[in-house]
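Enquirer: In order, the protein sequences belong to chains G and H. Heads up: the first sequence is residues 1 to 126, going by my numbering. Heads up: the second sequence is residues 1001 to 1399, going by my numbering. Here's a structure for you.
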Amino acid sequence: MSLALGSINDVGIWGPLSDIPWKYFIAAIGLVGCLFVLIVLVFIPLGQVVSREMDSASNALRGYSFNLIGSVIGVVTFFLLGRWMLPPIVWMATILLSLRLCISPVQPPSCNGHSQLGGTCSVASV
Amino acid sequence: MVIVSLVVPVALLLFEPSHSGMKTLWTPYQQIHYEPEYTLSGEVRGGMLQINHMYYQETLNLSPEFLARHPELGRESSYNRYNLPFRFAGSSPKVLIVGSGTGNDVAAALRHNSMSVDAVEIDPAIIELGKREHPEHPYDSSRVIIHMDDARSFLKRTNQRYDLILFGLLDSHVQFSDYSNMQIDNFVYTEEAFREASRLLTPNGVIFVKFRINREWIGMRLSEILEQVFNTPPLVFAAERNYTGGATCFVAGNGNHVNDVLSTDQELADFVHRNRVAANAGTVPVTTDDWPYLYQQNRQIPRTYYSVGLLVLFIAIAFHMSVKRTTQISGRFSVFFFSMGVGFMLLETQIISRSDLFFGTVWQVTGFVISALLVTLLFANLIAERMNPPLNRWTWAVY
């Protein structure tokens, strides 16, 4: 995919690939689009949860502060995963464990079986 | 369906096509595969290193004893890319190698009796691989000091002087800095970087840049930068390739030293003449710290970015229309939230790319910058919650 994306010669990272026809470039762009959609799907259930929690919070600003604290913890976790050079299976386990913490034991009406399925599939796709 | 959705992508992600002897490492920058290579008689001759499944470099045993035992590997001359730089340096030079990798250039420096070698490599895993696997064990030498640092950052900070500064095929290959479109080697090949390097040279010091040129204009650009820094065109020629791979070499130095070397070493002068590479300067924009895009021909946004950007925009609009049609959400556009998002991303990416220039394009920078921004926002929230300052036109005026 990278080779085909590089067939437009504006950028010279991938070697001289002017012989790769446009159809490969277009196919690669299409694949990028599919990856983008998959990434969007991953964030839909997370966005739903955040939106719901923000709406129901008595103090939205404090909710946002907790969101920021969680983000800092996420960055530190990312930092440690990089520092210790851990493999993807640990990244995935960390993500799944974090998601488990996000899922509350009582599901509100908006979070039905379809969105759970979507979330599970999306995470797996990543 | 759920099982397939779970199993297939995870299996694809976690599957590692490895076999005995192959090592897989996940460094802060990239995935590395390392596989030892053997001679016909079964002796380890080095190994091949792949980055993200693409060939990156080999560890090579170029010691005279090893090559004498294995004539089948082919004749290695003093004109290969590892030996050539030392034809331009004096005897017992003080050497700086930026992008020292697993240690082939360091081993060459030691074979050429270098007084001291400062080896700069950004990736800790590659240094460890070199220490463990390189057949000549160059990193064990007491004459070698390893610096785990970004090349540009080291050039800025060191106060040493060198007879030879060697850019050892330093090439990030495919690595982009997180959150910006900088490659991690972008600030290494700018006019300012070479000026900083030139200030570290002794009076007869030489800069030797080795690069795999895959576009003619990249060679022109490097040549033009060196000409602007040293006020004379560099020597540009191809190294001999045999057991080792090839490279285009750019040589420049203080005063007339490079020409003096050629006038006293006729064999070298003939080799350079035979293998000269035309790199007519002045037809491509040079890279600077303000525009550090070595792999980009002209000062414009590449069409790949336009294509992907348009596609993302199209998909976003399609998603938005779909949500509007199937739900009761009004979907009213919010200028306020849109501006907040644009402002935050501009701030974040700009700080990261500027910090890369100051601290080096090391992986920790992104983490520090994002953490710092988040903590700043957190403090702002705390102040807003505790003190509840008035939000009026004067507040916006202060902004």
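Just so you know, even glycine gets a beta-carbon here, dropped at the ideal spot from N, CA and C.
I want to know whether the region 1038-1050 of chain H touches the region 1059-1073 of chain H - three or more CB-CB distances under 8 angstroms.
Expert: They touch, by the three-pair rule.
Enquirer: Cβ atoms of Glu1076 of chain H and Gly1101 of chain H: under 8 angstroms apart, would you say?
Expert: No, they are not a contact pair.
Enquirer: Which residue from H:Trp1026, H:Ala1279, H:Asp1163, H:Val1284 puts its Cα closest to that of Ser1091 of chain H?
Expert: Residue H:Asp1163 is the option with its Cα nearest to Ser1091 of chain H.
Enquirer: Assign Asp1118 of chain H to one of three DSSP states: helix, strand, or coil.
Expert: Three-state DSSP puts Asp1118 of chain H in a strand.
Enquirer: To which residues of the same chain is Gly1103 of chain H closer than 6 angstroms at the C-beta, ignoring the five residues directly before and after it?
Expert: Excluding positions up to five away in sequence, the list reads Gly1130, His1134, Pro1138, Tyr1139.
Enquirer: To the nearest angstrom, how far is the alpha carbon of Ala1384 of chain H from that of Ile1317 of chain H?
Expert: For Ala1384 of chain H and Ile1317 of chain H, the distance between alpha carbons rounds to 35 angstroms.
Enquirer: Does Ser1114 of chain H pass the burial test, meaning 16 or more other C-beta atoms within 10 Å, or should it be called exposed?
Expert: Buried: at least 16 other Cβ atoms inside 10 Å.
Enquirer: Kindly list, in the order they appear in chain G, the residues whose Cβ is closer than 7 angstroms to that of Val1375 of chain H.
Expert: In chain order: Val72.
Enquirer: I'd like the ranges of any beta strand (DSSP E) spanning at least 3 consecutive residues and lying wholly in the region 1029-1070 of chain H.
Expert: As far as the region 1029-1070 of chain H is concerned, its whole beta strand (DSSP E) runs of at least 3 residues are 1031-1038, 1044-1051, 1054-1060.
Enquirer: According to DSSP, which residues form a beta bridge with Phe1154 of chain H?
Expert: Phe1154 of chain H is not bridged to any residue.
Enquirer: Whole angstroms are fine: how far does the CA of Asp1290 of chain H sit from the CA of Trp1394 of chain H?
Expert: Cα to Cα, the separation comes out at about 35 angstroms.
Enquirer: How big is the Cα-Cα spacing for Arg1276 of chain H and Leu1222 of chain H?
Expert: Distance between the alpha carbons of Arg1276 of chain H and Leu1222 of chain H: 15 angstroms.
Enquirer: At a CB-CB cut-off below 7 angstroms, which residues of chain H make contact with Asn24 of chain G?
Expert: It is worth fixing the name first, because residue 24 of chain G is Tyr in this sequence and not Asn. Neighbours of Tyr24 of chain G on chain H: none; closest Cβ ~13 angstroms, over 7 angstroms.
Enquirer: What whole-angstrom Cβ distance do Phe1194 of chain H and Val1229 of chain H have, given they're in contact under 8 angstroms?
Expert: Yes, they are in contact, since the Cβ atoms of Phe1194 of chain H and Val1229 of chain H sit about 5 angstroms apart, within 8 angstroms.
Enquirer: DSSP three-state label for Thr120 of chain G, please.
Expert: Confidence at Thr120 of chain G is low in this model, with a pLDDT of 46, below 50, so its placement is unreliable and the value that follows should be read with caution. Helix at Thr120 of chain G.
Enquirer: Give, in chain order, every unbroken run of the alpha helix (DSSP H) that is at least 4 residues long and sits entirely within the region 1190-1219 of chain H.
Expert: Within the region 1190-1219 of chain H, the complete alpha helix (DSSP H) runs of at least 4 residues are 1191-1199.
Enquirer: Between the region 34-45 of chain G and chain H, which residues of the former have CB atoms less than 8 angstroms from a CB of the latter, in chain order?
Expert: So the close ones are Phe36, Val37, Val40.
Enquirer: Per DSSP, Met1148 of chain H is paired with what?
Expert: Looking at the DSSP assignment, Met1148 of chain H forms a beta bridge with H:Glu1121.
Enquirer: Quick check on the DSSP output: the beta strand (DSSP E) that includes Leu1164 of chain H runs from which residue to which?
Expert: Counting along the chain, the beta strand (DSSP E) containing Leu1164 of chain H begins and ends at 1162-1168.
Enquirer: Val11 of chain G touches chain H at which residues, Cβ-Cβ below 7 angstroms?
Expert: Result: Tyr1295, Gln1296, Pro1302, Thr1304.
Enquirer: Under 8 angstroms between the Cβ atoms of Ile1351 of chain H and Val1362 of chain H?
Expert: Cβ distance not < 8 angstroms, so Ile1351 of chain H and Val1362 of chain H don't count as in contact.
Enquirer: Mind pulling the chain H residues with CB within less than 8 angstroms of Ile95 of chain G?
Expert: None at all; the shortest Cβ gap to chain H is about 11 angstroms.
Enquirer: For Leu1200 of chain H, which residues from the same chain have a beta carbon less than 8 angstroms from its beta carbon, with the 5 sequence-adjacent residues on both sides left out?
Expert: Same-chain partners within the cutoff: Leu1096, Leu1155, Thr1158, Gln1160, Arg1161, Tyr1162, Ile1165.
Enquirer: Quickly, what does DSSP pair Glu1240 of chain H with across the bridge? List them, please.
Expert: DSSP output for Glu1240 of chain H lists H:Asn1080 as bridge partner(s).
Enquirer: Under 7 angstroms from any heavy atom of the ligand ATP, does the C-beta of Ile1145 of chain H make it?
Expert: Among the ligands in the structure shown, none appear at all, so the ligand ATP cannot be discussed.
Enquirer: Starting from Ala1397 of chain H, follow its DSSP beta bridges and name the residues at the other end.
Expert: Answer is none; Ala1397 of chain H lacks a bridge partner.
Enquirer: What is the C-beta distance between Leu1169 of chain H and Ala1247 of chain H, in whole angstroms, given that I count them as a contact (C-beta under 8 angstroms)?
Expert: Right, their Cβ atoms sit about 6 angstroms apart.
Enquirer: Answer with buried or exposed for Met1001 of chain H, where buried requires no fewer than 16 other C-beta atoms within 10 angstroms of its C-beta.
Expert: For Met1001 of chain H, the predicted model reports a pLDDT of 48, less than 50, meaning its position is unreliable; a value from the coordinates is still stated below. Flag for Met1001 of chain H reads exposed.
Enquirer: Taking the beta strand (DSSP E) that Leu1294 of chain H belongs to, which residues open and close that run?
Expert: Counting along the chain, Leu1294 of chain H falls outside any beta strand (DSSP E), and DSSP gives it neither H nor E.
Enquirer: For Ile1315 of chain H, would you say it is in contact with chain G, using Cβ-to-Cβ distances shorter than 8 angstroms as the test?
Expert: Output row for Ile1315 of chain H: interface = yes.
Enquirer: Using a Cβ-Cβ cutoff of less than 6 angstroms, which residues in the same chain neighbour Ser1141 of chain H once the five nearest sequence positions on both sides are dropped?
Expert: Result list for Ser1141 of chain H: Leu1110, in chain order.
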